[in-house]
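Accompanying notes for the structure given below.
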Amino acid sequence: MISKIPRLFLLFFLPFLALVLSACNNTPFGGIAVPGMTSVIPKDEGDTNAIQEELKALHVVNPTPYEIHPGDTFQMSVYNQPDLTTTILVAPDGTASLPLIGILKLAGMNLEDATKLTEKKLSTYLKSPVVTLAPVTVSGYYFTIAGRVVRPGNYTVSIGQTKMLDAIALSGGFQTGSFHNDTVELADLDNAFIKRDGKKLPVDFKKLIYEGDDLHNIPILNGDYIYVPSTMHGYIIFLGEVGENTYVGFTEGMTLLQGLSYVNGLKSDTYSEYVRVIRGGMDNTVVYTVNIDKILNGKMKDFKLNASDIIYVPMDDISKWNRIVRKLLPTLQVVNLLAGPFGSAVLGYFNL
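Using this note's numbering, read the sequence shown as starting at 164 and increasing by one per residue.
Printed below as a string of structure tokens:
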């Protein structure tokens, strides 16, 4: 009768034992593709060369003659006629008021044609006038920058002169915030992009900003759209045997130990030496197993985090065993009860 009791115990215990053993099967510091998810396939050398060639081509700008738009302002000057020097504004209806000439429609014309027309009209009053129309502000050529910049909006672009870094500077740079008295960059440069005619250009914002790679500092053209998303969605999340289960703001270059310092470190004597770092979205999830003890002891380089990483610190094997025992205690008490005289009668009644 009592010989059947261990079999009852094993029925309850074996599933937990399998769980513990599977948790102990660690692959140190390696990326493990989650079943059902696709893995990142790095670009080969051919892809890299193609991107570099495309970026080089984007640096070659052949500006078309500027077309005058309502809202543009120009400084008009006439050779040897200083009294005629003035600033003219193109009204919403496309016309401008010029000295001696009066109202003249300029919108839709390029500067060369507008200059010739002005000289023709002035020739009624002056002999062989030489006119210069120098742009002061132009509204027809502009780019848009949105997202986590200080001053998002539309900005005038000087074709061939305004480049990516100029565009970022005009918008006041990237927004920052404060977390745990540290300055946190709110701009997600990994996913920032520039679009031209509906197509994303191969500009790497991190290489441009952090590495100073001038190849990515391409000239801005009329109609370009720049978007800098927020890292708010990419905070680092800490779960498990840490001082506080919460999220922290991500900063470029943040490491595992730095992140742990924001959540009051590891729980003393209860954490497993292997920490799981879950990276990637639903389409491309990778789990890294990191030996935190080796990092703490200086035997392994600190693990660099990415925005949106999830850090899970499991319990150590002893703590897990104690927790399992506590969960099994009611069952074990029943087993002990069944091992006594009363249990023998019960088991005998059920023919166990």
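Even for Gly, the Cβ is constructed at its ideal location relative to N, Cα and C.
query	result
C-alpha distance - L384 paired with I266, whole-angstrom precision	32 Å
Segment limits, beta strand (DSSP E) that includes I389	Y388 to V391
Closest residue to S240 among Y410, Y229, L261 and P382 (Cα-Cα distance)	L261
Span of the alpha helix (DSSP H) around D276	L274 to L285
Limits of the alpha helix (DSSP H) - the one that Q338 falls within	Counting along the chain, Q338 falls outside any alpha helix (DSSP H), and DSSP gives it neither H nor E.
Rounded separation between I214 and Y410 - CA only	36 Å
Bounding residues of the beta strand (DSSP E) (the contiguous stretch that carries I455)	Looking at the DSSP string, I455 is not in any beta strand (DSSP E); the run it does join, the alpha helix (DSSP H), is I455 to L459.
A186 versus S435: straight-line alpha-carbon distance, rounded	The predicted model places A186 with a pLDDT of 40, which falls under 50 and marks its position as unreliable; any figure quoted below should be read in that light. Looking at the two C-alpha atoms, the distance is approximately 10 Å.
C-alpha distance - T287 paired with L247, whole-angstrom precision	15 Å
Burial state of K467 (16 or more Cβ within 10 Å)	exposed
Exposed unless 16 or more other CB atoms sit within 10 angstroms - verdict on D432	exposed
Candidates A297, E282 and P298: closest to S291 by CA position	E282
Among K369, T346 and P226, the one whose alpha carbon lies nearest that of N273	P226
C-alpha distance - I381 paired with N460, whole-angstrom precision	45 Å
Beta bridge counterpart(s) of Q244 as assigned by DSSP	V241
Segment contact flag, the stretch 350-359 with the stretch 389-408, C-beta cutoff 8 Å, min 3 pairs	yes
Cβ-Cβ separation, V301 to Y229 (assumed contact under 8 Å), whole Å	7 Å
Cβ pair T325, N317 closer than 7 Å	no
Residue burial classification, S127 (beta-carbon count within 10 angstroms, cutoff 16)	Since the first residue of the chain shown is 164 and the last is 515, residue 127 is not available in this structure.
When Q238, G234 and L263 are compared against V253, the one with the closest alpha-carbon	G234
Paired residues, beta bridge with F356 - DSSP	Y390
Extent of the continuous alpha helix (DSSP H) run through S424	L419 to Y425
Strand pairing of R439, partner residues [DSSP]	T452 and Y475
Run of the alpha helix (DSSP H) containing F368, from where it starts to where it stops	F368 to Y373
N317 in three-state terms, based on DSSP	strand
Which of helix, strand or coil DSSP assigns to T211	helix
Simplified DSSP assignment, three categories, for I331	helix
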